[in-house]
Amino acid sequence: MSFGVQSAFAESNSPKATVKNNVVTFSNLDQLKANEKLAIAVVDSNGDPATITIESVDNSISRVAKSSNSWKVSYKGVVIHAYFYMTVTNNKVTNAWDYSITTLGSTYSDASLTYNSSSAKLTFTSNAYNGIASHTCWLKGTPRGTNNEVDVTYSM
1 MSFGVQSAFA
11 ESNSPKATVK
21 NNVVTFSNLD
31 QLKANEKLAI
41 AVVDSNGDPA
51 TITIESVDNS
61 ISRVAKSSNS
71 WKVSYKGVVI
81 HAYFYMTVTN
91 NKVTNAWDYS
101 ITTLGSTYSD
111 ASLTYNSSSA
121 KLTFTSNAYN
131 GIASHTCWLK
141 GTPRGTNNEV
151 DVTYSM
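The opening residue of the sequence shown carries number 1 in UniProt numbering; numbering runs sequentially from there.
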């Protein structure tokens with residue numbers, strides 16, 4: 001016997017992504033299996049389409065405690081594709097590692113991946129037109145709440 005209330009409850013615990021005021025909130029991430037992804041389409045500051053993705057990383061690969069969750073946070077736009085990994089324990093960032101940046105028609109410099117207990121952030125400078133134009137780009141993951149939520153913000 002199945003009740004509608006149970007079905008609705010199960011659906012509300014499904015992983016989901018929402019966008020509000022240029023903040024992508026991924027919630028119910030504890031429901032993602034290892035290597036499972038959740039993505040959402042956004043529009044970047046130039047009006048071009050982009051995708052923000054979070055992927056659950058198998059903790060046996062990342063060598064972290066089972067009580068921790070590791071995530072691959074990525075941005076894929078027309079010109080820039082960037083990602084990094086972060087580990088979250090008790091809603092605090094405990095590690096960030098292994099970033100990648102790929103650009104089309106431009107170069108990048110000054111890349112750095114930093115973290116503190118509240119967030120992990122990949123920052124770099126995108127250089128276009130042989131260095132005539134440059135822009136500081138960043139991708140940031142911030143755990144929040146108690147429901148395995150991560151906010152992702154960016155400037156590309």
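C-beta: ideal position from N, C-alpha, C; glycine also.
Nearest candidate by alpha-carbon position, reference residue i, set the options
i	options	result
L29	T114, N21 and I54	I54
D151	A17, P15 and T25	T25
A120	K20, A82 and L139	L139
M156	A34, T114, V57 and L104	L104
A96	G47, I80, N90 and K72	K72
Y85	T102, T114 and N91	T114
Whole-number beta carbon distance between residue j and residue i, since they are thought to touch under 8 angstroms
i	j	result
T125	S134	5 angstroms
V93	S118	7 angstroms
N69	N148	7 angstroms
A17	L32	That belief does not hold up - the Cβ atoms of A17 and L32 are roughly 11 angstroms apart, past 8 angstroms.
P49	V43	6 angstroms
Beta strand (DSSP E) segment containing residue i, residue limits
i	result
L32	Element bounds for L32: n/a, residue is neither H nor E.
P143	A133 to R144
Own chain partners of residue i with C-beta closer than 8 angstroms, once the 5 adjacent residues on each side are dropped
i	result
D110	T123, F124 and T125
Cutoff 7 angstroms; reference residue i; Cβ partners in own chain excluding five residues on either side
i	result
T107	N127
S112	T123
G77	D44, D48, A50 and M156
Cβ shell of residue i (< 6 angstroms), same chain only, five flanking positions each side left out
i	result
V5	Any reading at V5 needs caution, since the residue's pLDDT is 41, under 50, leaving its predicted position unreliable; the model's value is listed next. If we look at V5 and ignore the five residues flanking it on each side, it has no Cβ neighbours.
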